[in-house]
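Note sheet for the following structure.
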Amino acid sequence: DIVQRLRDREQRLARAMSVIRRYVPAQVAGAIIAGHDAAVDRHDRRRLTVVFCDIKDFTAISDRIEPEDLSRILNDYLSELAAIGERYGGTIDKFIGDAIMIFFGAPIATDDRDHALRAIRMAAEMQQQMEVLRARWLREGIEQPIFARIGINTGHASVGNFGSRSRIDYTAVGRQVNLAARLQTHSPPGGILIGHATYVLVQDEIACTPQGEIEVRGFEHPVRAYLVVVS
77 DIVQRLRDRE
87 QRLARAMSVI
97 RRYVPAQVAG
107 AIIAGHDAAV
117 DRHDRRRLTV
127 VFCDIKDFTA
137 ISDRIEPEDL
147 SRILNDYLSE
157 LAAIGERYGG
167 TIDKFIGDAI
177 MIFFGAPIAT
187 DDRDHALRAI
197 RMAAEMQQQM
207 EVLRARWLRE
217 GIEQPIFARI
227 GINTGHASVG
237 NFGSRSRIDY
247 TAVGRQVNLA
257 ARLQTHSPPG
267 GILIGHATYV
277 LVQDEIACTP
287 QGEIEVRGFE
297 HPVRAYLVVV
307 S
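Residue numbers for the sequence shown follow my numbering, so the first one is 77 and each next one is one higher.
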């Protein structure tokens, strides 16, 4: 009957939406489903706080671990850290191998300070979860200790849909995004390294240790960096 057909249609739509949310950032999927796709289907210049996280020496580790174990480790790492990112309201931009890019400030924005605080608190919980994962992996026979490095930077970027006519990604690009990625490479294993703009926003609430100025590839001048004190 008509009622049953409507129920079946709603169930199919719900399943489709569930699948879409696995491929598209939750905030973007929500905007599209709500009919606000114009909000994401354009390029905006936004001040974002960008987070990059990856596994230290992942290529070397992959040479020493069986492929099946490596796949399980990577899925554990990406799944659990992405879940933390979603809880803090971050836009999970992409997975690049073992790297995760998350940003705060688009498509949904509050204010710069809130974005920075949520990004750092998210990163701290991610590092705490890595401790849990290392213990689990050790119990499962993975003797190689696996550590994540995290870099965070705040600055203006171009955010919106980028790609071809047939395939697009909602992402952020620009110099400040690149700096977040570079800070991640300078972070110590298990650490969170942030740029000066982020530090200024959170210094009264987040304990940090100044690292002085560091030389960053692709940047003409050294940049100030701060190591978050993870309790």
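The beta carbon of each residue, even a glycine, is placed where N, CA and C say it ideally should be. Just so you know, these numbers come straight off a predicted model, no measurement behind them.
Report buried or exposed for residue 140, applying the criterion of at least 16 other Cβ atoms within 10 angstroms of its Cβ. Taking the sequence shown and counting its residues from 1, one reaches residue 140 at position 64. Answer is exposed; the Cβ neighbour count stays below 16.
Integer-rounded CB distance, given that residue 228 should sit under 8 angstroms from residue 127: Taking the sequence shown and counting its residues from 1, the one referred to as residue 127 is at position 51. Taking the sequence shown and counting its residues from 1, the one referred to as residue 228 is at position 152. In this structure, residue 127 and residue 228 form a Cβ contact; the two beta carbons are roughly 5 angstroms apart against a cut-off of 8 angstroms.
Count the other C-beta atoms from every protein chain shown that fall within 10 angstroms of the C-beta of residue 157, then say buried if there are 16 or more, exposed otherwise. As a first step, residue 157 is located in the sequence shown; it is residue number 81 there, counting from the start. Counting Cβ neighbours within 10 Å, residue 157 comes out buried, since at least 16 surround it.
Pairwise C-alpha distance: residue 209 and residue 147: Sequence index remark: in the sequence shown, residue 147 carries index 71 (1-based). Sequence index remark: in the sequence shown, residue 209 carries index 133 (1-based). A direct Cα-to-Cα measurement between residue 147 and residue 209 gives close to 14 angstroms.
Bounding residues of the alpha helix (DSSP H) (the contiguous stretch that carries residue 119): Position 43 of the sequence shown, counted from the start, is the residue given in the question as residue 119. Taken as a continuous stretch (DSSP letters only), residue 119 belongs to no alpha helix (DSSP H), as it is neither H nor E.
From what residue to what residue does the alpha helix (DSSP H) around residue 272 run? In the sequence shown, the residue the question calls residue 272 occupies position 196. That run of the alpha helix (DSSP H) goes 272-278.
Taking the runs of the beta strand (DSSP E) that are 3 residues or longer, which of them lie wholly in the stretch 230-278? Within the stretch 230-278, complete beta strand (DSSP E) segments of at least 3 residues are found at 244-249 and 268-271, given in chain order.
With a cut-off of 8 angstroms on the beta carbons, I'd call residue 181 and residue 123 a contact; round off their distance for me. As a position in the sequence shown, residue 181 is number 105, starting the count at 1. As a position in the sequence shown, residue 123 is number 47, starting the count at 1. Rounded to whole angstroms, the Cβ separation of residue 181 and residue 123 is 6 angstroms, and the two are in contact under 8 angstroms.
Ignoring anything shorter than 3 residues or poking outside the stretch 134-221, list the beta strand (DSSP E) runs there in chain order. If you keep only unbroken beta strand (DSSP E) runs of at least 3 residues inside the stretch 134-221, you get 167-172 and 175-180.
Going by DSSP, what residues sit across from residue 228 in a beta bridge? Within the sequence shown, numbered from 1, the residue matching residue 228 stands at position 152. Secondary-structure assignment with DSSP links residue 228 through a beta bridge to 127 and 270.
Is residue 300 helix, strand or coil by DSSP? Mapped onto the sequence shown, residue 300 falls at position 224. Reduced to three states, the DSSP call for residue 300 is strand.
Going by Cα to Cα distance, which pick from 304, 261 and 298 is closest to residue 279? Sequence index remark: in the sequence shown, residue 279 carries index 203 (1-based). Distances from the alpha-carbon of residue 279 to those of 304, 261 and 298 put 304 closest.
Residue 199 versus residue 226: straight-line alpha-carbon distance, rounded: One-based indexing of the sequence shown puts residue 199 at position 123. One-based indexing of the sequence shown puts residue 226 at position 150. Distance from the CA atom of residue 199 to the CA atom of residue 226, rounded to whole angstroms, is 7 angstroms.
Report the rounded CA-to-CA distance for residue 283 versus residue 194, giving the unit in angstroms. Within the sequence shown, residue 283 is the residue found at index 207, counting from 1. Within the sequence shown, residue 194 is the residue found at index 118, counting from 1. Approximately 14 angstroms, taken between the alpha carbons.
Would residue 277 pass as a contact of residue 188 if the rule is Cβ separation under 7 angstroms? Translated into the one-based positions of the sequence shown, residue 277 becomes position 201. Translated into the one-based positions of the sequence shown, residue 188 becomes position 112. For residue 277 and residue 188, yes; Cβs fall inside 7 angstroms.
Once you ignore the five residues that flank residue 285 on each side, which residues in its own chain have a CB closer than 7 angstroms to its CB? Working through the sequence shown from its first residue, we reach residue 285 at position 209. Only 302, 303 and 305 meet the Cβ criterion.
On the three-state DSSP scale, how would you describe residue 290? For the purposes of this step, residue 290 is taken as residue 214 along the sequence shown, with counting starting at 1. The answer is strand: DSSP assigns residue 290 an E or B state.
On the criterion of 16 or more Cβ atoms from any shown chain inside 10 Å, does residue 230 qualify as buried, or is it exposed? Numbered from 1 along the sequence shown, position 154 holds the residue referred to as residue 230. Classified as buried, residue 230 has 16 or more neighbouring CB atoms from the shown chains inside 10 Å of its CB.
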